[in-house]
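Structure record follows, encoded as structure tokens.
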Amino acid sequence: MRLAVIGAGAVGSSVVELASDYGHTVTAYADSRSATVDADGIDVAAAVERKQTDGLIGDEDPADAVGGPYDVLVEATPTTLGDAQPGFGHVETALQRDRHVVLANKGPVAERYADVWELERDSAGTVLFEATVGGAMPVLSTIDDFDPEHITAVRGVLNGTANFILSRMSAEGLGYEHVLAEAQDLGVAEADPTFDVDGTDAALKGVIVANVLSDDDTEYALEDADVEGIQDIEGSALELAAEDGRTVRLIAEVVTGEVRVGPRLVPEHAPLAPTGTRNIVQLETEHAGRLNISGRGAGGPETASAVLADVGRLPEL
Amino acid sequence: MSDSTDEVRSYTVRLELVDEPGALLNALEPIASNGGNLLSIFHERGNLTPRGHIPVEVDLEATPERFEGIVEALRGAGINVIQAGAERYSEAITVVLSGHLINTDLSDTVSRIQDATNATVTDLSLSAPEGTEDASSARIRLATEQDAAESVIDTVREVAGEKDLRVIEPLGTGGDP
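Top line first, the protein sequences correspond to chains H and Y.
Mapping to my numbering: the first sequence position 72 is 77, numbers consecutive.
Mapping to my numbering: the second sequence position 95 is 99, numbers consecutive.
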């Protein structure tokens, strides 16, 4: 497949670098300011190096990439809330041009699921978004394989930063601020970790799962989720939980059309109490009991591998 | 009258014991000393409750009044009674509350939760590392009837909300090891 990769952060750049490994050709690559387009395949090494040295990918306009030669548009720009722009616009253009879309950006499917679906219905292209939930873990494709109708609940730890903070606080008896600062030093938490610690990131993933599970055309968006974060959680709360063989994890839960994210008490050695940045998703199936999927929920190459797995699932245009 | 208080009846009590020498003996002592007549003990060694304790089923005879004293004495001795007679405390819910627990009257918080529901507080641990003036946390275990867990948690949330306390709720299902 010929790929147009929009977004040059950790995920976008990893997709560009790994694409040939999966037998694909990158024909366009853009960030918010510049682009490089070549129907025969761009010079990946040159584009990556130029982005690092002078901050530009190439001499062309980002719109040339979105409107350029490709079979699949990979949308890997930062997640935005509300109208989900500019990511949504890229999806719209690609679908109107009857091209496939693979999303790493959560915005369009978390905030405008019905709009995306409507565009897809009128297009020869298909939209896939495995990478939006659980990074490298095959969560959405497993739900699809089992058929959403036979999944009764989905619960999981879907934010590695929050999980790192809670598991460190629990293991070391340290306070929230201390562990957050440590996480930032280690690069586990971003300089502005708001969306990770206030539950927004996990909630967006929960909302996407709710949209996939919805069997009556009910559309979910962030405002439909009940969200509580882990900011300023008391060390003494974790200590008391530990005394009783339990711990606290930021759990995203999707059951009977309700999306809920918040710190919850779970048994210390339960599957839903991973340590460090590890993520896990537990599917409650109608006929096959519980299914646990765990792995790396974030990271450039990890998320890019989910993007490329989606590309591999797409039919020829 | 069949519900006369001095009529001896048989009861089944389900207990959870910690796996320690003497735990069973400690559990039986309050039954004998409060006038219960032990009929049988079914000690399910090797079988563990979700909390890692050993379930024990005790059949005994006592008058309803004495039976109440036995259950109270068992709980007083720190033994977790999951079922006493027909009344079934089949759900144990643990929540952690954080915030200004002392300043907002912890015992009032607990009694309001108990009064508004059919739940009984069977265990309470408090941690106030910064002293009573600062934020502290409490772990509360509530025993309630089957299917009542949801409404008990709603009440906890409501009382905590009024007092500006943070509630960390248990994950209903899916958290089992």
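Using N, Cα and C, we set each Cβ at its ideal position, and we do this for glycine too.
Since the model is a prediction, treat every value here as computed from it, not as a measurement.
On the criterion of 16 or more Cβ atoms from any shown chain inside 10 Å, does N107 (chain Y) qualify as buried, or is it exposed? N107 (chain Y) is exposed by the Cβ-count criterion.
Are the region 69–88 of chain H and the region 11–18 of chain H touching by the rule of at least three beta carbon pairs closer than 8 angstroms? A contact exists between the region 69–88 of chain H and the region 11–18 of chain H.
Assuming D203 (chain H) contacts G234 (chain H) under a Cβ cut-off of 8 angstroms, what Cβ separation, rounded to an integer in Å, is found between them? So it is a contact: roughly 4 angstroms between Cβ atoms.
C-beta neighbour in chain H for I172 (chain Y), strict 7 angstroms: I172 (chain Y) counts as touching chain H.
Cβ-Cβ separation, D36 (chain H) to I62 (chain H) (assumed contact under 8 angstroms), whole Å: Confirmed, Cβ separation roughly 6 angstroms.
According to DSSP, is D231 (chain H) part of a helix, a strand, or is it coil? Looking at D231 (chain H) - three-state DSSP - the assignment turns out to be strand.
Cross-chain neighbours of P198 (chain H) in chain Y, by beta carbon under 9 angstroms: Ordered by position in chain Y, no residue passes the 9 angstroms Cβ test against P198 (chain H), which lies about 19 angstroms from the chain.
Do A123 (chain Y) and L146 (chain Y) have their beta-carbon atoms positioned less than 7 angstroms apart in this structure? Cβ atoms of L146 (chain Y) and A123 (chain Y): closer than 7 angstroms.
Name, going along the chain, the residues of the region 38–71 of chain Y whose beta-carbon falls closer than 9 angstroms to a beta-carbon of chain H. For the region 38–71 of chain Y, the beta-carbon criterion of a distance under 9 angstroms to any beta-carbon of chain H is satisfied by P54, R55 and G56.
Note the first and the last residue of the continuous beta strand (DSSP E) segment covering N284 (chain H). Looking at the DSSP string, the run of the beta strand (DSSP E) that includes N284 (chain H) is R283 to T290.
Straight-line Cα distance separating G103 (chain Y) from D138 (chain Y): The C-alpha of D138 (chain Y) lies about 8 angstroms from the C-alpha of G103 (chain Y).
Hey, would you say I97 (chain Y) sits closer than 7 angstroms to V22 (chain Y), going by beta carbons? Cβ atoms of I97 (chain Y) and V22 (chain Y): not closer than 7 angstroms.
Are three or more beta carbon pairs between the region 264–275 of chain H and the region 99–110 of chain H nearer than 8 angstroms? The region 264–275 of chain H is not in contact with the region 99–110 of chain H.
Can N30 (chain Y) and R70 (chain Y) be called in contact, C-beta distance under 7 angstroms? Contact flag unset, no.
Continuous alpha helix (DSSP H) stretch holding E72 (chain Y): start and end: In the DSSP assignment, E72 (chain Y) falls within the unbroken alpha helix (DSSP H) covering P68 to G80.
What in chain H is Cβ-close to A4 (chain Y), meaning under 7 angstroms? The requested residue 4 (chain Y) is not part of the displayed model; chain Y covers only 5 to 181.
Can you tell me which of the three DSSP states L171 (chain H) falls into? Here L171 (chain H) sits in helix by DSSP.
Can you say whether T92 (chain H) is buried or exposed, counting buried as having 16 or more other CB atoms within 10 angstroms of its CB? With the sequence shown as reference, residue 92 (chain H) is identified as Gly, and Thr is not the correct amino acid for it. The residue is buried, with at least 16 neighbouring Cβ atoms inside 10 Å.
I'd like to know if the region 274–290 of chain H and the region 48–65 of chain H are in contact, where contact means that at least 3 CB-CB pairs between them fall below 8 angstroms. Result no; under three Cβ-Cβ pairs closer than 8 angstroms.
Residues of chain Y with a CB under 8 angstroms from the CB of P268 (chain H): which are they? Simply I172.
Verify the CB distance criterion: does L245 (chain H) have a CB-CB separation below 7 angstroms to chain Y? Closer than 7 angstroms: yes.
Taking Cβ-Cβ distances shorter than 9 angstroms, what residues in chain Y pair up with E248 (chain H)? Going along chain Y in sequence order, the residues near E248 (chain H) (Cβ under 9 angstroms) are S129, S131 and R143.
On the three-pair Cβ rule with 8 angstroms, is the region 245–254 of chain H touching the region 125–142 of chain Y? With the rule of 3 Cβ pairs closer than 8 angstroms, the region 245–254 of chain H counts as touching the region 125–142 of chain Y.
Which residue from H:V144, H:E65, H:V316 and H:H95 puts its Cα closest to that of V71 (chain H)? The residue with the shortest Cα to Cα distance from V71 (chain H) is H:H95.
Starting from the beta carbon of V253 (chain H), find every residue of chain Y whose beta carbon is closer than 9 angstroms, and list them in chain order. Those are V100 and I172, listed as they occur along chain Y.
So is I256 (chain H) in contact with chain Y if we call contact Cβ pairs under 7 angstroms? Interface annotation, I256 (chain H): in contact with chain Y, CB-CB separation under 7 angstroms.
Measuring straight from C-alpha to C-alpha, what distance separates G28 (chain H) and M6 (chain H)? Straight-line Cα distance between these residues: approximately 8 angstroms.
Beta-carbon proximity list for G140 (chain H), same chain, < 6 angstroms, skipping 5 on both sides: Cβ neighbours of G140 (chain H) beyond the five flanking positions: R301, G302, A303, E307 and T308.
Less than 6 angstroms between C-beta atoms, sequence neighbours within five positions excluded: which residues of the same chain meet that for D180 (chain Y)? The pLDDT assigned to D180 (chain Y) is 42, lower than 50, so where the model puts this residue is not dependable; a value taken from the coordinates is nonetheless given after this. Residues of the same chain with their beta carbon placed closer than 6 angstroms to that of D180 (chain Y) are lacking, with the five preceding and five following residues left out of the count.
Could you give the distance in angstroms between the alpha-carbon of L148 (chain H) and the alpha-carbon of G317 (chain H)? The sequence shown places Ile at residue 148 (chain H), not Leu. C-alpha separation (whole angstroms): 17 angstroms.
Cβ-based burial, V21 (chain H) [other Cβ within 10 Å; buried from 16]: By the C-beta density criterion, V21 (chain H) is buried, having at least 16 other C-beta atoms within 10 angstroms.
Might you give, ordered along the chain, the residues of its own chain that have their beta carbon closer than 8 angstroms to the beta carbon of A208 (chain H), omitting 5 neighbours on each side? Here the set comprises L227, A230, V232, A257, V264 and V266.
Cα-Cα, which of Y:L110, Y:G56, Y:L32 and Y:T159 is closest to I74 (chain Y)? The shortest CA-to-CA distance from I74 (chain Y) to any of Y:L110, Y:G56, Y:L32 and Y:T159 is the one to Y:L32.
Can you grab the Cα-Cα spacing for the pair E187 (chain H) / V114 (chain Y), in whole Å? If you take the alpha carbons of E187 (chain H) and V114 (chain Y), they lie about 37 angstroms apart.
Contact with chain B by A99 (chain H), beta-carbon distance below 7 angstroms: Among the protein chains in the structure shown, which are H and Y, there is no chain B.
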